[in-house]
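Residue numbers (my numbering): 18 to 276.
Quick look at the structure:
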């Protein structure tokens, strides 16, 4: 499945951007002269940008050629990360995070149907899991790498990966004709569908619980649990490896047994 690999690269860039903050938050907070709790707002505003911006952008952009929109969104994502890399203060970091966050959610909203459309119907689950593979692999690679090279270099690298993903999408994804867009009202109406609403609830609770701890995992493990930096790195690698295995297995089981 070579074509969905361009979306895997996009998800990989997004994943590093999302997860690398775990190991870098203390250093970022110190460099911009805020406490670590205030620095955690970088995660909060990023999540709000996804929650608020993604449905609005998806509503506006889903009517256009997905190839063009995904290329533009990954370019916007790259610019947001570049802004973070060069920002001297918390306000600049927030702005860059918000820009990248709005692009993040919309890439997945538009990219998952595209990934499924590139393969036979019976392999749609595997194609979507292949896209999300980039997100889970980023957990294995992104956090240790980011800690090793420093936070400004990390976000510069993520910007470069985002631009590379934009080029890959443009080259590898076929042009998809304009179609009727998904209106915001139609998106909100899905909340009244009980099976979907339960799925959203499970997702919100699962990710909410995970990221509430994940954001401050490094200081929790170091200061309160007594782990060394080397041990923390391996704990994060183990966590990332588990997500990769679960993601790939989930895609295969979905195609075999149904969602």
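Ideal placement from N, C-alpha and C gives every residue a C-beta, glycine not left out.
Hey, residue i and residue j are a contact pair by Cβ (cut 8 Å); roughly how many whole angstroms apart?
i           : j           : result
residue 66  : residue 182 : With 8 Å as the limit, residue 66 and residue 182 do not qualify as a contact, their Cβ atoms being about 19 Å apart.
residue 89  : residue 27  : Not a contact, Cβ separation roughly 12 Å.
residue 34  : residue 186 : Not confirmed; about 17 Å, so no contact.
residue 135 : residue 20  : 5 Å
residue 215 : residue 207 : With a Cβ gap of about 12 Å, residue 215 and residue 207 do not count as contacting.
If we call anything under 8 Å between Cβ atoms a contact, is residue i one with residue j?
i           : j           : result
residue 142 : residue 268 : yes
residue 256 : residue 156 : yes
residue 36  : residue 102 : no
residue 98  : residue 122 : no
residue 76  : residue 201 : yes
residue 261 : residue 178 : no
residue 59  : residue 110 : yes
residue 53  : residue 44  : no
residue 5   : residue 159 : Nothing in the structure corresponds to residue 5, since the chain is present only between 18 and 276.
residue 40  : residue 163 : yes
residue 131 : residue 22  : no
residue 82  : residue 193 : yes
Could you work out which residue in the options is closest to residue i when comparing CA atoms only?
i           : options               : result
residue 272 : 91, 147 and 98        : 147
residue 239 : 227, 228, 253 and 229 : 253
residue 63  : 32, 116 and 72        : 116
residue 119 : 95, 223 and 226       : 95
residue 191 : 229, 167 and 87       : 87
residue 176 : 100, 266 and 61       : 100
Do you know offhand how far residue i's Cα is from residue j's?
i           : j           : result
residue 17  : residue 251 : Residue 17 lies beyond the range of the chain shown here (18 to 276); nothing can be said about it.
residue 322 : residue 235 : The requested residue 322 does not occur in the structure, where the chain is confined to residues 18 to 276.
residue 189 : residue 50  : 43 Å
residue 231 : residue 126 : 24 Å
residue 264 : residue 204 : 25 Å
residue 8   : residue 152 : Nothing about residue 8 can be read from this structure; the chain reaches only from 18 to 276.
residue 233 : residue 55  : 12 Å
residue 105 : residue 48  : 8 Å
residue 133 : residue 139 : 10 Å
residue 243 : residue 170 : 28 Å
residue 209 : residue 144 : 28 Å
residue 91  : residue 124 : 8 Å
residue 270 : residue 249 : 32 Å
residue 18  : residue 258 : Because the pLDDT of residue 18 is 49, which lies under 50, any placement of that residue in the model is unreliable, and the number read from its coordinates should be weighed accordingly. Taking the straight line from one Cα to the other gives about 22 Å.
residue 223 : residue 229 : 10 Å
residue 161 : residue 168 : 11 Å
residue 154 : residue 220 : 20 Å
residue 274 : residue 108 : 48 Å
residue 211 : residue 245 : 46 Å
residue 237 : residue 174 : 27 Å
residue 61  : residue 241 : 23 Å
residue 227 : residue 247 : 22 Å
residue 276 : residue 72  : 23 Å
residue 266 : residue 38  : 27 Å
residue 137 : residue 93  : 31 Å
Let me see if you follow: with CB-CB separation under 8 Å, is residue i close to chain B or not?
i          : result
residue 64 : Here chain B cannot be found, since the structure has a single protein chain.
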